[in-house]
Structure formats: structure tokens, C-alpha cells
Amino acid sequence: MFRQILRSQWLALRLPVALLAVLGFALPLLTVTYGGALENAPSATVAQWLFASQKIGILIPGLALLVGLLLGIGTWAPDHAGKHVYALSLPVPRPMYVLLRFAAGATLVAVPVLALGIGSTVAVLAVKLPSGIHAYPAQLTLRFAMACLVCFAIFFAISISTRRAALAVLGLLGGVLLADLVLAALSISGGASVTESVIYLLTNWPGPLAILMGRWALFDV
Amino acid sequence: MSNAIETRDLVYRAGKNFELRDVSLHVREGAIYGFLGPNGSGKTTTIRLLLGMLRPAKGTITILGRQVPDEIARIMLHTGYVPERPHLYPYLTVEQAIRYHAAFYDGFDTAYADELRRSFTVPLAQKLASLSKGEMGKLHILLVLAQRPNLLVLDEPTDGLDPVVRRDVLSALLDFCSQGTATVFISSHLVHELERICDWVGVLDGGKLVVELPMHGFKNGIKRIRVAHAPSLVGDTPFVMLAREMSGLEQVWVVRGWQAPMAQWFEGVGATVREIVDLDLEEGFVELLRSSRTPAS
């Protein structure tokens, strides 16, 4: 049963998965494009190189967000298109069906994660690092995997929810923005922003998006 | 004999304009039950309630001796469902769709599926998105028949199909029924189609079950009677009056539950029966709907 769901999901999502895998493989390689043999390079050059590779590293949580978005929403797209009639007619308890879909989607998440892992390893092998600089391919891959799973889970949950629930979430976000506008218009915000507070709550521990924040470096001291 | 499908006082509201009211269905095990009704009468909604896809506001549903929705997964294991519109995943090929479907049913008969596919000439390697409407209809039927279900729920399975495909689908259905004791619940607004295959019939109109009776009772019991000297007021009758119209000096009555000895009743009220005409299923269906909307006086 799981194998068939996974196969069907793969057939539906193979193009976005392939695209994400290419991006996952390419990003770590991009970080060393400026590099080469840095072993005897002056410290200023190494610092510049580290700074450049960290700038590209910022794209990695963006890729995790994209993986979560495309696979989380794509997982339910075929069932949404059929108004869930076929899925509901199958002899599987609904929580079990959701679990199977989630597991299949999470398995597909492994493809870009694996690609990033391979890309990181290749990137590390391609550059000769000066002493004091270290490479963290396994740690970066693990963190990317966790970030992808978190994003996938969030978009999976949004996608499976009813239209009413989706509207409630959108309404909440709209309400937050409106509250900010009203406070600003009335000049009673005192410099505080509701939107900023919400973003802070989401992106700082224990906020669900905290994993996307901070430094994403393949190379560091 | 127990019922494969039984509902009691089923109530469901969809917005302000539509309501299913106190629908009580009794589908006997082994019956081929035709669920008739005009478009928008609530047939699909009733089926979705039966299969736990919608929740009723009131009432109970028992399918194959189990309660809906509590035991719906077990019920669906023994139930084949063909929806009004195909909802299979269009990016799969026929072969992949069969494999996918088979994975959910322990008793899926792959050999029978293959046999049906050959007889239906559904191309194995073709994507579902590129199948014709007829091929898709046949694929749906072959999938549910190969499940070897105890109950088949078919929602307008031949709607929009050409006569050849329609005949293929109905033949396969009848072949399957002749092999065992499966119950078939088939909804349609194509009266003549159900006339050929069903042994029970239920008529739904405006969200209300108008009548539920054996097909022979439906076919033979509805008559158009030309009556002379009819009384202006009709009291208790041994039959059910569906419609009554003036036709020159005579009246034309449409009645249900007619039996030959009932002719004596007319003599008792001083009327004379000029002619009794059998109505076919379609005419009977139309008269039933007419009477349910404007009850005869």
C-alpha cells in the first residue's frame, strides 16, 4: 500500500523533485566556485572567500522552504483535484491515509536532501582548506533535512486543511497586518509592530521556523 | 433476508436550497436496486452519505451490517464505488492505476481485472488523462468488479457513455451479479436502463424518497385508467391516486398499486371503467414525480 502511494506520489512530483535535487546538488558547489586551493592564500583572501560562501549559504534555508512548499502542497494536489472522492472511497482509515501520504512525501523530501549531501561532499573534496577552517557537510545536510521536514510538515498541514481553515489562517495574517496599519495610523503603536512580533515568534525558538534562521555555513572556523 | 443498505430518517442540509428529508432506504442483500431521480434530486448526496463522505444532520446508516461512519474503512473493503465523475489520478497509466487500486484490497482479483480489461479493450500503457470517457468508465467498472465486492454502489455509471460502451458496462455488471450474491445500488435518471436490470427501485425527488418498491410492482402496478361518470369527490380508494385529469366528458386517472379486482370499486361509486392502460417505467416515473410535487385531490 505504502509502496503504491509512494510510487504514485513520485510519478506526480518527479519533475519538481528532480529540479529541487539539482538545486540541492548545485548550491554547495556554488559556495566553492570562488575557492580552489586556499591552503597558502593570504588570510584576507580566505576571509573574503568565507564571506562569499556564507552569502550563498543563505540560499540553503530558502531551498528548504521551497522543498517544503512544493512537496507539501504537491502531495495533496492529485486528491484535491478529485475533491478527495477517490481517496475517501479507499478502505483505509483516514488518519492512516494521511500518515501514508505524509510518509511518502517525507520520503521524497530525502531526494533533495541526499543531493545536497552529495553536493556538499563533492564541494568539500574540491577545495583545499587552510588550517583553522573546517568543513561541515554532514551537519549542514542534517540541518537541511530537519528544515525541509519542518517546512514540509507545515505546508502539508496547510494543504490538507479545509478551505475554511485556510481562510482562517489567511484571515489571522490579514488581521495582524491590519492591526499594524491601524496602530500606525492612530500613532499609538509606540514603535512596536505586531507583524514584527509575529515574525519574531515564528522565527525564534521555539517558533517552528527557527531552524531556518542563523548561519548556514558549509565552511566555518 | 437482511438489508445490505439501511438508512433511517436520514437528514442532510446543503446550504439553504437543498435538504434531504427523512430518507429511509431498505436495500435487500442480493438485490439490484435502482435509485431513480431527476437531476438535482439528491442521489449523489445520498450516495456520499452512505459512503461516509458526508455527515448526516440526523439519522442512521447501516451498510453490510456495519455503522457508517464509525466502521467505514471496513465497509469500503467490501464495497465497490463508481462515482458520478472519474476521480482516478490522471497522471497514472491504466496499468499503474490497476496496481494502485489493487494494493488497497486483499481480495483484488488481478486475473479478472486483466480479463475485463481485454474484453473492454482498455489500453494498458495509456495515461488516464488521455483515455476517452468510455474507456475511463470501463476502467472504473473493471476496478470495482475486480475487487469482488459484496456491495456495488454505482452513481450514474453510464451517464454520457455511447450505447455500445453502455451495453458493455451493463453486461459486465450483470455477468458479475450472476456469479455471486453481490448487492448492486445503482443511481440513474435513465429510467429505461434500470428497467432492464433492476429488481427493486427507489425514487428520490427534491430530497425526499417518494417510493420504494419491487420493480414488478412499479412496472405492473401503475395504470392509466379512463373513467366515465367519475364522482367529483373521491374518498378512500384501494389504490394510490397519483393524478386525475379531465378529458372531455371522462376523466383520466393515474393510479399506483393497481390489481384487477379493484375494478369493482368503480362500480361501487357509480363510475365506469372505459380503459386500463399499463404505463411503462418511464411514464410511471414521470407520473410519480408529478404526483409527489402536486398531490392528487
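Note that the protein sequences, when read in sequence, are chains A and B.
In terms of the numbering used here, the first sequence opens at residue 1 and continues consecutively.
In terms of the numbering used here, the second sequence opens at residue 222 and continues consecutively.
For every residue, glycine included, the Cβ atom is placed at its ideal position computed from N, Cα and C.
Quantities reported herein were computed from a predicted structural model and do not represent experimental measurements.
Beyond the five residues adjoining it in sequence on each side, residue 273(B) comes within less than 6 Å, by CB distance, of 289, 290, 293 in the same chain, given in chain order. In this chain, the beta strand (DSSP E) harbouring residue 256(B) covers 253-257. For residue 64(A), the closest of 150(A), 7(A), 33(A) by C-alpha to C-alpha distance is 150(A). If you check the CB distance, residue 433(B) and residue 409(B) do not come in under 8 Å. Taking residue 425(B) as reference, the option from 315(B), 268(B), 257(B), 344(B) with the minimal CA-CA separation is 257(B). At a Cβ-Cβ threshold of 8 Å, residue 228(B) and residue 245(B) count as neighbours.
By the Cβ rule, the segment 113-124 of chain A does not count as touching the segment 294-312 of chain B, because fewer than three pairs are nearer than 8 Å. A distance below 7 Å between beta-carbons, with the five flanking residues on each side excluded, links residue 450(B) to the following residues of its chain, in chain order: 491, 492, 493. In its chain, beyond the 5 residues on either side, 70, 71, 74, 75, 108 have a beta carbon closer than 8 Å to the beta carbon of residue 13(A). Residue pairing by DSSP places residue 134(A) opposite 220(A) in a beta bridge. By the neighbour-count criterion, in which 16 or more other beta carbons inside 10 Å mark a residue as buried, residue 216(A) falls on the buried side. CA-CA distance, residue 481(B) to residue 452(B), rounds to 20 Å. Comparing alpha-carbon positions, the option among 380(B), 463(B), 497(B), 402(B) lying closest to residue 304(B) turns out to be 380(B). DSSP assignment within the segment 105-167 of chain A yields the following whole alpha helix (DSSP H) runs of 4 residues or more, N-terminal first: 137-160. Look at the beta carbons and you see the segment 54-63 of chain A touching the segment 23-30 of chain A: at least three pairs across the two are nearer than 8 Å.
Within the segment 6-20 of chain A, 7, 8, 11, 12 place their CB atoms closer than 8 Å to a CB of chain B, listed in sequence order. Taking C-beta atoms as the reference points, residue 476(B) and residue 461(B) count as a pair closer than 8 Å. What residue 93(A) touches in chain B, judged by beta-carbon distance under 7 Å, is 294, going in chain order.
Using a Cβ distance threshold of 8 Å, residue 337(B) and residue 318(B) do not count as a contacting pair.
The three-state reading of DSSP puts residue 357(B) in helix, counting H, G and I together.
Collapsing the DSSP output to three states places residue 342(B) in coil. Along the segment 273-322 of chain B, the beta strand (DSSP E) occurs as fully enclosed runs of 3 or more residues at 279-284, 287-289, 300-303, listed in sequence order. Taking a contact to require three or more Cβ pairs closer than 8 Å, the segment 274-285 of chain B and the segment 437-451 of chain B do not qualify as touching. Membership of residue 31(A) in the alpha helix (DSSP H) is indicated by the continuous run 2-31. Restricted to the segment 473-498 of chain B, the alpha helix (DSSP H) segments that are unbroken, complete and at least 4 residues in length are 484-489, listed in chain order. Out of 5(A), 202(A), 117(A), 205(A), the CA that lies nearest to the CA of residue 96(A) is found in 5(A). For residue 400(B), the closest alpha carbon among the candidates 390(B), 369(B), 504(B), 346(B) is that of 369(B). Taking a Cβ-Cβ threshold of 7 Å, the residues of chain B close to residue 78(A) are 310, in chain order.
Under the three-pair Cβ rule at 8 Å, the segment 335-355 of chain B counts as touching the segment 306-326 of chain B. By the 16-neighbour rule on beta-carbons within 10 angstroms, residue 1(A) is exposed. Using a Cβ distance threshold of 8 Å, residue 270(B) and residue 277(B) count as a contacting pair.
For residue 512(B), there is no enclosing beta strand (DSSP E); the residue is found in the alpha helix (DSSP H) stretching over 502-514. When the beta-carbon positions are compared, residue 362(B) and residue 405(B) stay at least 8 Å from each other. Looking from the CA of residue 341(B), the closest CA among 242(B), 465(B), 364(B) belongs to 364(B). Interface flag for residue 149(A) against chain B is unset, since no Cβ pair is found closer than 8 Å.
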